[in-house]
Structures are given as C-alpha cells and as structure tokens.
Amino acid sequence: MSPNLEEQYHGLQYYKFIDRYISYMQSKALDQYLKDTTISRLLFFNLSLDSIMRLAKVNGENYVAWLSVKQNVSRATAERYLAQQILNSYRYKDLKSMKILMVDFEAYFADSRYLPHLRTCIAKLDEKLMANKRNASIKFFNEGNHIKSIYEIIKRYRGKVVYLAIWGTWCGPCKVELSYTSQLKDKFNNKDIVFIYLDMDDDDKEDEWRNFVWISNLQGLHIRMNNEHIQRIWAELLPTGDGLRGLYPSYFIFDKNGILIKEKAKRPSDQQLLYTQLEKHL
C-alpha cells in the first residue's frame with residue numbers, strides 16, 4: 019500500500035485515500051507494539067507511545083496524524099495533506115488546531131503557494147474571535163460542573179420558551195447543526211424564546227470551547243460540563259434512558275412554565291419542522 023499517487027488522484031477521493039493510509043499506519047504501528055511492548059519507537063511515527071499520547075492530548079489527533087504523514091509520504095503529498103488539514107480546521111472553526119498545524123507548515127513548506135491563503139484564513143478567525151468577545155449577547159455560565167439540575171437554569175427564564183442544545187466541540191455533526199443557527203435566530207428574533215447550549219467537554223478544553231463559541235458568534239447562554247457531571251443532566255432529561263442518553267447533538271424544548279415538553283426536539287437543520295414545534299408554545 020503506497021500513498022505516492024498524487025499525480026494521478028486529486029480532490030476529495032485522494033484525501034480519503036490518505037485518511038485510509040493513516041488509519042493503516044496507526045493500526046500497523048499499534049499491532050506491532052502489542053506484540054512487543056519493549057519497542058521504544060512506534061513504526062511509522064519514530065516516537066514512543068507515551069510521546070504520541072502526550073502530543074495527541076496537547077496538540078490534537080490531527081497533529082499526530084500529520085507526524086506519521088510527513089515521515090512516510092512524498093513532500094508534495096505531505097504539503098497538500100497538511101494544507102488540507104489546516105483548511106478542515108478552519109471549516110470547523112478550530113483556531114487552536116489551525117495555529118498548531120500552521121507552525122509546522124511554515125517550518126517545512128516556507129515557500130508554499132498555499133501559505134497566503136492559509137494565513138488569511140487564520141486571520142479571519144482571529145478577527146471574529148476578538149470582535150465577538152465584546153458581544154454581550156454571548157453569555158457564559160461559569161462553574162457548569164456545579165449544576166445539580168438543569169432546572170436551576172431553566173427556572174431563570176420563566177415566561178419564555180427554552181430551546182436546549184446538548185453538544186460538544188469534538189462532535190462533527192454538532193458543528194454542522196450549529197451552522198444553521200443564524201437562520202433559527204433570524205426566524206425567532208424578538209420572540210419569547212431563549213437558546214441554551216450545554217457543551218460536554220473535558221475541563222482542560224475550557225478555552226477552546228469559549229473561543230469556538232465566540233468565533234461562531236453563538237448568541238445565547240453557554241454552559242460547559244465534563245462527561246462525569248453531565249450524566250446527572252442526561253438522567254434528569256431522559257429518566258427512562260430509551261437508548262438516547264449521551265447522543266450528541268440532542269435537543270429539548272421547555273415551555274414558558276419551565277416544563278420539559280419535547281425531549282426529542284427537531285434539530286436546527288430540520289428548519290420548518292423545528293420552527294413549527296417552537297411556534298406552538300410561543
């Protein structure tokens with residue numbers, strides 16, 4: 019299996035091929051390690067397993083994937099791959115990942131024709147971040163892990179319909195749904211409705227979570243809980259379980275009396291179906 023096909027294949031299919039090749043390398047390296055745990059450096063990575071785990075935690079899995087790519091493919095392939103990864107991070111508004119990958123891109127491909135565009139993309143996210151930090155319509159609830167009941171929050175908005183989204187910055191489908199937020203907000207502008215976003219992320223992701231919210235201009239109330247503490251919220255919202263606990267994203271509607279009336283509410287991408295659900299209770 020060889021990745022040196024860039025002259026023959028381009029675009030989406032080629033990047034899918036590279037992703038499969040990365041999975042192959044990771045699987046092969048892990049298999050070798052499991053057969054001989056005395057190995058000091060993993061195949062394809064030239065790093066210890068501990069080093070890889072630390073880098074994944076600090077810099078993200080995309081960075082670890084890049085480490086294997088740069089050592090095992092042609093320079094042209096590596097350049098295109100890393101540029102694509104930076105652009106993927108841009109689409110998902112992951113400024114931290116962009117900047118981490120960009121350090122290596124500038125170091126390894128200082129004369130790349132992709133550099134001006136990549137720098138422009140980073141500058142755009144930086145600009146959005148700084149502008150929306152001043153947006154008073156974006157509110158954060160500090161110490162979300164201390165919340166014992168979601169109704170501690172809901173009761174503050176008596177007299178308004180509440181649309182609750184449970185999501186995570188790590189969740190691709192969640193971010194897709196958030197891209198429909200502007201249409202949803204426009205539809206219910208000046209209506210008695212409140213949007214609450216409950217994020218599930220590790221405690222060390224606090225800054226990344228806040229930055230994503232600001233960059234995305236997600237107006238509403240934002241709460242973050244880690245996986246351990248959010249379980250009591252899931253149990254409260256879905257007491258019978260029904261296999262729905264822990265599904266991200268999930269949506270809930272509370273009426274003006276603070277009563278949960280829809281535990282499997284439509285998603286923002288459902289558009290008119292969701293609008294109809296909400297309008298019933300305004």
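Numbering (my numbering), first residue to last: 19 to 300.
By construction, the Cβ of each residue, glycine as well, lies at the ideal position given by its N, Cα and C atoms.
Tell me whether residue 299 sits in a helix, a strand or coil according to DSSP, three-state version.
As a working note, residue 299 is residue 281 in the sequence shown. Here residue 299 sits in coil by DSSP.
Nonlocal neighbours in the same chain, by C-beta distance under 6 Å from residue 127, ignoring five residues either side
For the purposes of this step, residue 127 is taken as the residue at position 109 of the sequence shown. Same-chain partners within the cutoff: 97.
Does the stretch 267 to 275 touch the stretch 148 to 164, meaning 3 or more C-beta pairs lie closer than 8 Å?
no
Residue 247 and residue 279 look like a contact to me (Cβ under 8 Å); what is the Cβ gap, rounded to whole Å?
Locating residue 247 in the sequence shown gives position 229, where the first residue counts as 1. Locating residue 279 in the sequence shown gives position 261, where the first residue counts as 1. Not quite, the Cβ-Cβ distance comes to about 25 Å (not below 8 Å), so this is no contact.
Closest to residue 89 by CA distance: which of 108, 65, 262 is it?
As a working note, residue 89 is residue 71 in the sequence shown. Of 108, 65, 262, the residue nearest in Cα terms is 65.
Determine the extent of the alpha helix (DSSP H) in which residue 190 is found, giving its start and end residues.
Taking the first residue of the sequence shown as 1, we reach residue 190 at position 172. Element bounds for residue 190: 190 to 196.
I'd like to check one pair, residue 159 with residue 241: are the Cβ atoms closer than 8 Å?
Within the sequence shown, residue 241 is the residue found at index 223, counting from 1. Within the sequence shown, residue 159 is the residue found at index 141, counting from 1. Yes; because the gap between Cβ atoms is below 8 Å, this pair is in contact.
Residues of its chain near residue 296, where Cβ-Cβ distance is below 8 Å and the 5 sequence neighbours each way are ignored
On the sequence shown, position 278 is the one that residue 296 refers to. Within the same chain, residue 296 has close Cβ partners 179, 181, 206, 211, 271.
On the CB-based measure, 16 or more other CB atoms within 10 Å of its CB, does residue 76 come out buried or exposed?
Stepping through the sequence shown from its first residue, residue 76 is reached at position 58. Flag for residue 76 reads exposed.
Between which two residues does the beta strand (DSSP E) holding residue 131 run?
Here residue 131 refers to the residue found at position 113 when the sequence shown is read from its first residue. Note, residue 131: premise wrong, no beta strand (DSSP E); not H, not E.
Taking only the alpha-carbon atoms, compute the straight-line gap between residue 332 and residue 146 and give it to the nearest angstrom.
Shown here, the chain extends from 19 to 300; a query on residue 332 therefore has no answer.
In chain order, what are the residue ranges of uninterrupted beta strand (DSSP E) at least 3 long that sit wholly in the stretch 234 to 298?
238 to 243, 268 to 272, 278 to 280, all fully within the stretch 234 to 298.
If distances are taken between C-alpha atoms only, which option among 107, 283, 277 comes closest to residue 171?
Position 153 of the sequence shown, counting from 1, holds the residue named residue 171. For residue 171, the closest C-alpha among the options 107, 283, 277 is that of 277.
CA-to-CA distance, residue 40 to residue 94, given in whole angstroms:
As a first step, residue 94 is located in the sequence shown; it is residue number 76 there, counting from the start. As a first step, residue 40 is located in the sequence shown; it is residue number 22 there, counting from the start. Looking at the two C-alpha atoms, the distance is approximately 16 Å.
Local Cβ density within 10 Å of residue 71, reported as buried at 16 or more and exposed below that
Taking the first residue of the sequence shown as position 1, residue 71 is located at position 53. When all chains shown are included, residue 71 counts as exposed.
Alpha carbon to alpha carbon, how far is residue 55 from residue 25? Give it in angstroms, no decimals.
Along the sequence shown, one-based indexing puts residue 25 at 7. Along the sequence shown, one-based indexing puts residue 55 at 37. Low confidence applies to residue 25: its pLDDT is 41, below 50, so where it sits in the model is not reliable, and the reading given next is rough at best. Distance between the alpha carbons of residue 25 and residue 55: 38 Å.
Among 220, 42, 236, which has the Cα closest to the Cα of residue 155?
By 1-based counting over the sequence shown, the position of residue 155 is 137. Taking only the C-alpha atoms, the option nearest residue 155 is 236.
Residue ranges of each alpha helix (DSSP H) run of no fewer than 4 residues wholly in the stretch 87 to 138, ordered along the chain?
93 to 109, 113 to 126
Integer-rounded CB distance, given that residue 123 should sit under 8 Å from residue 100:
As a working note, residue 100 is residue 82 in the sequence shown. As a working note, residue 123 is residue 105 in the sequence shown. Contact holds; Cβ gap of about 5 Å.
Where residue 221 sits in the DSSP three-state scheme
Within the sequence shown, numbered from 1, the residue matching residue 221 stands at position 203. In this structure, residue 221 counts as helix in the three-state DSSP scheme.
If you follow the beta strand (DSSP E) that residue 70 is part of, which residue opens it and which one closes it?
Position 52 of the sequence shown, counted from the first residue, corresponds to residue 70. Looking at the DSSP string, residue 70 is not in any beta strand (DSSP E); the run it does join, the alpha helix (DSSP H), is 67 to 77.
Three-state secondary structure assigned by DSSP to residue 182:
Taking the first residue of the sequence shown as 1, we reach residue 182 at position 164. Strand.
Going by DSSP, what residue range makes up the beta strand (DSSP E) through residue 157?
In the sequence shown, counting from the first residue as 1, residue 157 sits at position 139. Here the beta strand (DSSP E) through residue 157 covers 156 to 159.
Among 36, 69, 163, 108, the one whose alpha carbon lies nearest that of residue 137
The residue given as residue 137 occupies position 119 in the sequence shown. Of the candidates 36, 69, 163, 108, the residue whose Cα lies closest to the Cα of residue 137 is 108.
Assign residue 34 to buried or exposed, taking buried as 16 or more other Cβ atoms, counted over all protein chains shown, within 10 Å of its Cβ.
Within the sequence shown, numbered from 1, the residue matching residue 34 stands at position 16. When all chains shown are included, residue 34 counts as exposed.
How far does the alpha helix (DSSP H) with residue 200 in it extend, from its first residue to its last?
Working through the sequence shown from its first residue, we reach residue 200 at position 182. Looking at the DSSP string, the run of the alpha helix (DSSP H) that includes residue 200 is 199 to 205.
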